[in-house]
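Line order of the protein sequences matches chains A and B.
Position 95, counted from 1, in the first sequence is what my numbering calls 95; the numbers after and before it change by one each time, with no gaps.
Position 33, counted from 1, in the second sequence is what my numbering calls 1033; the numbers after and before it change by one each time, with no gaps.
Just so you know, even glycine gets a beta-carbon here, dropped at the ideal spot from N, CA and C.
As structure tokens, the structure follows; a few thoughts come after it.
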Amino acid sequence: EADIYQTPRYLVIGTGKKITLECSQTMGHDKMYWYQQDPGMELHLIHYSYGVNSTEKGDLSSESTVSRIRTEHFPLTLESARPSHTSQYLCASSEYWSSEGETQYFGPGTRLLVL
Amino acid sequence: AQKVTQAQTEISVVEKEDVTLDCVYETRDTTYYLFWYKQPPSGELVFLIRRNSFDEQNEISGRYSWNFQKSTSSFNFTITASQVVDSAVYFCALSEANNQGGKLIFGQGTELSVKP
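Here it is in structure tokens:
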């Protein structure tokens, strides 16, 4: 059972606004991830982190930024939202080099609509 | 290059029918992991199973079963006696041991609709 939380679940916002999507996990996992998913489509990795003060860009280019100041917290920020950012954003975490082969557990997602 | 293909975009069955979701993968690594996730309409991804490349033993969990065949690079998922609650999008995913960051490569997903 995974304990990973995302807020807000739904967000409707106007173009040009700054937004932060929150992600927290209580499992003490070292690694965290952000994926972007358009409706009915596959997931694409946009950011990941090995641990505190570590952030890396994923396969899909994104204008968003992330930070990892605490193990349990991995927020994603868009400085100036645009309609092209409309999507679902999913956060995940996994235990580094676990015997489970780093199974990723996902949060409930944030559905973002930029008008 | 690594890739996951789920050729079935949508499947529709009637309750109590058996259904198999196909997954074919490509990888150059000898050590890798395969996953299935379920995404119900609410949007979250629910982890179902993980298999490593050295374990080809098939697995059964209740109405769910998985058939891993390295010879055909396939990791198929069967639901026996399907139920309406099984309606969801199912994703197959691959992670390579040598892949930086332990990234998951997802297939396109198969949308399963189980009708009463």
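> Roughly how many whole angstroms lie between the Cα atoms of A/Pro75 and B/Ser1087?
Replying inline: Your numbering for residue 75 of chain A matches position 75 in the first sequence. Your numbering for residue 1087 of chain B matches position 87 in the second sequence. Straight-line Cα distance between these residues: approximately 31 Å.
>> Any C-beta of chain B within less than 8 Å: which residues of the stretch 73-93 of chain A qualify?
In response: Contact residues of the stretch 73-93 of chain A toward chain B are Gln88, Leu90 and Ala92 (C-beta to C-beta distance below 8 Å).
>> Tell me which residues of the stretch 1035-1069 of chain B have at least one Cβ-Cβ distance to chain A shorter than 8 Å, keeping chain order.
In response: Phe1035, Tyr1037, Ser1042, Gly1043, Glu1044, Leu1045, Val1046, Phe1047, Arg1050 and Asn1052
> Would you call the stretch 2-17 of chain A and the stretch 107-115 of chain A in contact, with 3 or more CB pairs under 8 Å?
Replying inline: yes
> What are the boundary residues of the beta strand (DSSP E) that A/Ile46 is part of?
Replying inline: By one-based count along the first sequence, residue 46 of chain A stands at place 46. Looking at the DSSP string, the run of the beta strand (DSSP E) that includes A/Ile46 is Leu43 to Ser49.
> What does A/Leu115 reach in chain B if we use C-beta pairs closer than 9 Å?
Replying inline: Within the first sequence, the letter at position 115 stands for residue 115 of chain A. The premise fails here: A/Leu115 is roughly 20 Å from chain B at the closest Cβ pair, so nothing lies under 9 Å.
>> Counting only C-beta atoms, is B/Leu946 closer than 8 Å to chain A at any point?
In response: This structure leaves residue 946 of chain B out entirely; chain B is present only between 1001 and 1116.
> Are the stretch 74-91 of chain A and the stretch 1070-1080 of chain B touching, with three or more C-beta to C-beta distances below 8 Å?
Replying inline: no
>> Helix, strand or coil, according to DSSP, for A/Ser80 in the structure here?
In response: In the first sequence, the residue the question calls residue 80 of chain A occupies position 80. Three-state DSSP puts A/Ser80 in coil, outside helix and strand.
> Taking the C-alpha atoms as reference points, what is the distance between A/Leu78 and B/Ser1071?
Replying inline: As a first step, residue 78 of chain A must be located in the first sequence, where it is residue number 78. As a first step, residue 1071 of chain B must be located in the second sequence, where it is residue number 71. Those two C-alpha atoms are separated by around 45 Å.
> Does DSSP put A/His85 in a helix, a strand or coil?
Replying inline: Within the first sequence, residue 85 of chain A is the residue found at index 85, counting from 1. In this structure, A/His85 counts as helix in the three-state DSSP scheme.
> Looking at C-beta atoms only, is the number of pairs between the stretch 1109-1116 of chain B and the stretch 1007-1016 of chain B that lie closer than 8 Å three or more?
Replying inline: yes
> So which of A/Thr71, A/Met41 and A/Met32 has the shortest CA-CA distance to A/Lys57?
Replying inline: In the first sequence, residue 57 of chain A corresponds to position 57, counting from 1. Comparing alpha carbon positions, the residue from A/Thr71, A/Met41 and A/Met32 closest to A/Lys57 is A/Met32.
>> Going by C-alpha to C-alpha distance, which of B/Glu1096, B/Thr1005, B/Ala1001 and B/Pro1040 sits closest to B/Ser1051?
In response: The count along the second sequence starts at 1 and reaches residue 1051 of chain B at position 51. The sequence shown places Arg at residue 1051 of chain B, rather than the Ser named in the question. The shortest Cα separation from B/Arg1051 among B/Glu1096, B/Thr1005, B/Ala1001 and B/Pro1040 belongs to B/Glu1096.
> Can the beta-carbon of A/Gln25 be found closer than 8 Å to that of A/Asp59?
Replying inline: Numbered from 1 along the first sequence, position 25 holds the residue referred to as residue 25 of chain A. Numbered from 1 along the first sequence, position 59 holds the residue referred to as residue 59 of chain A. No, Cβ-Cβ distance for A/Gln25 and A/Asp59 is not below 8 Å.
>> Quick check: what's the CA-CA separation for B/Gln1108 versus B/Thr1080?
In response: For this step, residue 1108 of chain B is matched to residue 108 along the second sequence. For this step, residue 1080 of chain B is matched to residue 80 along the second sequence. When rounded, the distance between both Cα atoms is 23 Å.
> Using the rule of at least 16 other Cβ atoms within 10 Å of the residue's Cβ for burial, across every protein chain shown, is B/Ala1093 buried or exposed?
Replying inline: One-based indexing of the second sequence puts residue 1093 of chain B at position 93. With 16 or more other Cβ atoms within 10 Å, it is buried.
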